[in-house]
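Right, one structure below, let's go through it.
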Amino acid sequence: GGVVVGLAVLQAVLVVGAPLLLALFVAAQHATRSAQRAEIQALAREREALVQAALARERTAMARELHDIAAHHLSGIALMAAALDRQIDTDPAAAKLQVRQVREQATSTLTDLRRLVGLMRPQDAAAERDAESITAIADLVARHPGESRLEASAPLDTDGVGPLAQLAAYRTVQESLANALRHAPGAPCVVTLASDEDAVVVTARNGPAGPTAGRGPTAELLGGSGGFGLLGMRERAELTGSDLRYGPTPDGGWEVVLRLPRDRTTGDSA
Numbered sequence: 079g080g081v082v083v084g085l086a087v088l089q090a091v092l093v094v095g096a097p098l099l100l101a102l103f104v105a106a107q108h109a110t111r112s113a114q115r116a117e118i119q120a121l122a123r124e125r126e127a128l129v130q131a132a133l134a135r136e137r138t139a140m141a142r143e144l145h146d147i148a149a150h151h152l153s154g155i156a157l158m159a160a161a162l163d164r165q166i167d168t169d170p171a172a173a174k175l176q177v178r179q180v181r182e183q184a185t186s187t188l189t190d191l192r193r194l195v196g197l198m199r200p201q202d203a204a205a206e207r208d209a210e211s212i213t214a215i216a217d218l219v220a221r222h223p224g225e226s227r228l229e230a231s232a233p234l235d236t237d238g239v240g241p242l243a244q245l246a247a248y249r250t251v252q253e254s255l256a257n258a259l260r261h262a263p264g265a266p267c268v269v270t271l272a273s274d275e276d277a278v279v280v281t282a283r284n285g286p287a288g289p290t291a292g293r294g295p296t297a298e299l300l301g302g303s304g305g306f307g308l309l310g311m312r313e314r315a316e317l318t319g320s321d322l323r324y325g326p327t328p329d330g331g332w333e334v335v336l337r338l339p340r341d342r343t344t345g346d347s348a
């Protein structure tokens, strides 16, 4: 009799408990899937927020770069136009030179604006970055009409240095070489590229004016900005959060050092 009762109780437990256990299992599975979906959605929202923040930073940087172009070039054009107004009757030869410099500044402004628009277009960004980037500095030095050489650590790691920072490095070297031609023609120039885990460091150094001073090629061959070089370097360094230092060397030359910190949060190694 006891066995029969026990079997009946077991059967009742199975009849009632099995569906209950199944229901609990299904509910647990549903809760797990819901939690996973919620986690995926939260990660997607977080990623979208990061993307939007990165885009906002880029737009801000582009706006500041546009302001830099306007302040750097247009102020120069205004100053030269004012000088032209004074010289047009009293010194026609100087006025002609000012007209040429105004034209060069306007052309440089147009080039910078086109380059900035190119950076805003995804399909053009890669080409623009290659054209005026740290890796393009070697070609810039090779085109320098004076005595110059490039020294670079191997391999040079530019990971975390974005396109605007690389453009700042390129322009800093460009201005430094142009300034060397302008102020110390005939002086040897050395451009050094180095990198560590925190930054890329670009150094441009020239010696004192050589024996060919006054007879060398003009700085315009390198696209120099005609007297606004250091101002432009400082503004670009501030724009990209870089550290710029410059000054005379013990041998009577000049040195410019630009330290570009890495931004590991953006993952932009362009």
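The numbering used here numbers the first residue of the sequence shown as 79 and each following residue consecutively. For glycine and all other residues, C-beta sits at the position ideal for the given N, C-alpha and C. Note that this is a predicted model, so its numbers are computed, not measured.
Own chain, CB closer than 6 Å to residue i, minus 5 neighbours either side, in chain order
i	result
Ala204	Since pLDDT at Ala204 reaches only 49, below the 50 mark, its modelled position is unreliable, and the value read off the structure follows with that caveat. Within the same chain, Ala204 has no close Cβ partners at all.
Ala272	Ser231, Val279
Ser226	Val219, Cys267
Thr270	Glu229, Thr281
Pro295	The predicted position of Pro295 is uncertain, since its pLDDT is 38 and thus under 50; a value taken from the coordinates is nonetheless stated next. Contacts found: Pro223.
Val129	none
Thr327	Glu333
Option nearest residue i by Cα separation, candidates the options
i	options	result
Leu228	Val251, Thr236, Gln244	Val251
Glu340	Pro241, Leu175, Leu100	Inspection of the sequence shows that residue 340 is occupied by Arg rather than by Glu. Considering only alpha carbons, the answer is Pro241.
Tyr248	Val219, Asn284, Ser231	Val219
Thr213	Val239, Arg164, Ala120	Val239
Ala243	Val268, Val269, Glu210	Glu210
Ser254	Phe103, Leu308, Pro233	Leu308
Asp235	Arg221, Leu338, Gln114, Asp163	Leu338
Leu245	Pro233, Arg221, Ile215	Ile215
Whole-angstrom C-beta distance between residue j and residue i, which should lie under 8 Å
i	j	result
Gly224	Leu259	6 Å
Gln183	Ala161	Gln183 to Ala161, Cβ: 12 Å. No contact.
Ala282	Val334	5 Å
Cβ-based neighbour list, residue i, same chain, cut-off 8 Å, excluding 5 preceding and 5 following
i	result
Gly330	Gly285, Pro286
Ala262	Asn284, Gly285, Pro286, Ala287, Gly288, Ala291, Gly331, Trp332
Asp217	none
Gly325	Trp332, Glu333
Pro233	none
For residue i, the first and last residue of its enclosing beta strand (DSSP E)
i	result
Thr281	277–284
Val334	332–339
Asp217	Element bounds for Asp217: not the beta strand (DSSP E) but the alpha helix (DSSP H), 215–221.
Asp329	Unbroken run through Asp329: none, as it is neither H nor E.
Ala230	226–230
Limits of the alpha helix (DSSP H) - the one that residue i falls within
i	result
Thr270	Counting along the chain, Thr270 falls outside any alpha helix (DSSP H), though it belongs to the beta strand (DSSP E) covering 267–273.
Pro241	241–261
Leu162	153–168
Asp235	Unbroken run through Asp235: none, as it is neither H nor E.
Neighbourhood of residue i by C-beta, 7 Å cutoff - its chain only, sequence neighbours within 5 removed
i	result
Ile155	Val180, Gln183, Ala184
Ala159	Val180
Leu322	Met311, Arg312, Ala315, Leu336
Ala172	Gln165
Thr189	none
Residue i beta carbon near the ligand COA (any heavy atom closer than 7 Å)
i	result
Leu242	What this structure holds is no ligand at all, so the ligand COA is not there to describe.
| field | Contact between the stretch 318–327 and the stretch 262–276 (3+ Cβ pairs under 8 Å) | value | no
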